[in-house]
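This report concerns only the one structure given below.
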Amino acid sequence: MDEKRRSIEKIIGEREGLELGVELKEESVQFVVVTLADQWYAFWGNVVASIATVQTITPIPGTPDFMLGVMYYQGRVESVMDIKKVLGLEDTTITKKSRVVIASSGEVQSGIQVDSVEDVVELPTREIFEPLHTMEAGKKEYVTGEIDFRGQNVVILDLARVFERLLEHESD
Amino acid sequence: MTDHSSGLDLLVFRERGHRFGLDAAQVEEMLRLQELELQRDRSDRIRSFYRDGVEIPVVEMTAVIGMERATEDEYSKLVLVNVKQSTWGFLISEPEEIVPVEVEDIELLPALIRRMVKGSGIWGVVKGEGEMVVLVDLMEAIGKVVTQGKSGEGTRDGDNTAH
Chain E
1 MDEKRRSIEK
11 IIGEREGLEL
21 GVELKEESVQ
31 FVVVTLADQW
41 YAFWGNVVAS
51 IATVQTITPI
61 PGTPDFMLGV
71 MYYQGRVESV
81 MDIKKVLGLE
91 DTTITKKSRV
101 VIASSGEVQS
111 GIQVDSVEDV
121 VELPTREIFE
131 PLHTMEAGKK
141 EYVTGEIDFR
151 GQNVVILDLA
161 RVFERLLEHE
171 SD
Chain G
1 MTDHSSGLDL
11 LVFRERGHRF
21 GLDAAQVEEM
31 LRLQELELQR
41 DRSDRIRSFY
51 RDGVEIPVVE
61 MTAVIGMERA
71 TEDEYSKLVL
81 VNVKQSTWGF
91 LISEPEEIVP
101 VEVEDIELLP
111 ALIRRMVKGS
121 GIWGVVKGEG
131 EMVVLVDLME
141 AIGKVVTQGK
151 SGEGTRDGDN
161 TAH
């Protein structure tokens, strides 16, 4: 009996340990969900350093039209870009809900002007899906997946990839 | 603006509503435009006027810094600057003031923008709330104008003999 009991206890122990392990080990990812031209988009949370209200933006001559200029925020001068122009989305006006998402990847840190910040959500990795193949060409190269947000499919925009492409373009 | 390591006296001016600053130490003189007769014999980009028998090339500041060019009647002053042992004239719209700026108040442009404006002469800003003053290095900016003049418009670059 002792031997059998120890064996059963071992099996149960392993099973519970495994189940507990699964719970703890399930990876989750943070997303910042924003609105651009009346559509929701998600940014990977690990590249978002902070979220600011829109301050006075000083334009810098000689930059492409998606570069709005520079903004003074928390003692630093940040570039601010209009990602809608990069993605080929419809232009919108600045409202009280508009925000600048400060994103950082590699050697680049820049503000991204968005129409609003909807939410910051944490989702298990199993809830990230492959992006649709029918997406417009302008967006496709920057989209790395989709998530479900309030019952809608929302594409994930990879800001690190946006920065990489811009740097490649500028060094051509 | 070769020494960026210490504070500057900035000549602040406006072009198309935005504020720019250049090192006042580079400025030799500021002349009223109405008193000058500009020649259009060089090119669309580079004009000139004669002073004491010496031809001085003149460029529009908006064109130099990559802005949409101002209209003729927007320009009010000609700033004379010694660039690499030659005197150049820069047409500006609204000179505002000369202000001392400490190096702590100056910030270089963010990395992404720095790459975009490389060689244009725009190198930093005077940081602060509200619209910032964009810093222009005319030594660097004029190099681009001369290159464009040589390659695109057949200007008589190099015959500026003023010292």
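So the protein sequences, as listed, match chains E and G. Using this note's numbering, read the first sequence as starting at 1 and increasing by one per residue. Using this note's numbering, read the second sequence as starting at 1 and increasing by one per residue. We treat Cβ as the ideally placed atom computed from N, Cα and C, and that holds for glycine.
Helix, strand or coil at residue i [DSSP, three-state]
i: His18 (chain G); result: strand
i: Lys77 (chain G); result: strand
i: Ser28 (chain E); result: strand
i: Ser50 (chain E); result: strand
i: Ser93 (chain G); result: coil
i: Arg6 (chain E); result: helix
i: Phe163 (chain E); result: helix
i: Val103 (chain G); result: helix
i: Ala42 (chain E); result: strand
i: Val86 (chain E); result: helix
i: His111 (chain E); result: Reading off the sequence shown, one finds Gly at residue 111 (chain E), where the question assumed His. Note: Gly111 (chain E) maps to strand in three-state DSSP.
i: Thr125 (chain E); result: helix
i: Leu31 (chain G); result: strand
Spatially closest choice to residue i from the options, by CA coordinates
i: Gly143 (chain G); options: G:Arg114, G:Met67, G:Trp88, G:Pro110; result: G:Trp88
i: Arg99 (chain E); options: E:Pro64, E:Arg161, E:Tyr73; result: E:Tyr73
i: Gln113 (chain E); options: E:Glu127, E:Thr144, E:Met71, E:Val143; result: E:Met71
i: Leu135 (chain G); options: G:Pro57, G:Asp105, G:Asp44; result: G:Asp105
i: Thr58 (chain E); options: E:Val80, E:Pro124, E:Phe43; result: E:Val80
i: Glu127 (chain E); options: E:Phe31, E:Lys140, E:Glu3, E:Ser105; result: E:Phe31
i: Glu166 (chain G); options: G:Gln26, G:Leu91, G:Ile65; result: Nothing in the structure corresponds to residue 166 (chain G), since chain G is present only between 1 and 163.
i: Val48 (chain E); options: E:Asp119, E:Glu3, E:Ala137, E:Arg150; result: E:Asp119
i: Gly7 (chain G); options: G:Val125, G:Ala111, G:Gly17, G:Tyr50; result: G:Val125
i: Leu109 (chain G); options: E:Ser50, E:Ile60, E:Val86; result: E:Ile60
i: Leu10 (chain G); options: G:Val117, G:Met116, G:Ser120, G:Val103; result: G:Val103
Residue i: first and last residue of the uninterrupted alpha helix (DSSP H) it sits in
i: Arg99 (chain E); result: Counting along the chain, Arg99 (chain E) falls outside any alpha helix (DSSP H), though it belongs to the beta strand (DSSP E) covering 99-105.
i: Arg114 (chain G); result: 111-116
i: Gly62 (chain E); result: Counting along the chain, Gly62 (chain E) falls outside any alpha helix (DSSP H), and DSSP gives it neither H nor E.
i: Gly138 (chain E); result: 137-140
Residues of its chain near residue i, where Cβ-Cβ distance is below 6 Å and the 5 sequence neighbours each way are ignored
i: Thr92 (chain E); result: Ala37, Asp115
i: Leu31 (chain G); result: Leu78
i: Met67 (chain E); result: Met81
Where the beta strand (DSSP E) through residue i begins and ends
i: Arg51 (chain G); result: 46-51
i: Ala63 (chain G); result: Careful: Ala63 (chain G) lies outside any beta strand (DSSP E), inside the alpha helix (DSSP H) at 61-64.
i: Arg76 (chain E); result: 76-82
i: Gly7 (chain G); result: Segment: none, Gly7 (chain G) is in no beta strand (DSSP E) and carries neither H nor E.
i: Thr92 (chain E); result: Unbroken run through Thr92 (chain E): none, as it is neither H nor E.
Residues near residue i by beta carbon distance below 7 Å, same chain, minus five either side
i: Tyr41 (chain E); result: Val34, Val154, Val155, Leu157
i: Gly145 (chain E); result: Ile128, Phe129, Glu130, Pro131, Ile156
Beta-bridge pairing of residue i - partner residues as DSSP gives them
i: Met67 (chain G); result: In DSSP, Met67 (chain G) forms no bridge with anything.
i: Ser116 (chain E); result: E:Thr35
Beta-carbon proximity list for residue i, same chain, < 8 Å, skipping 5 on both sides
i: Val22 (chain E); result: Confidence at Val22 (chain E) is low in this model, with a pLDDT of 49, below 50, so the placement of that residue should be treated as unreliable; the coordinate-derived value is given next. Around Val22 (chain E): no qualifying Cβ.
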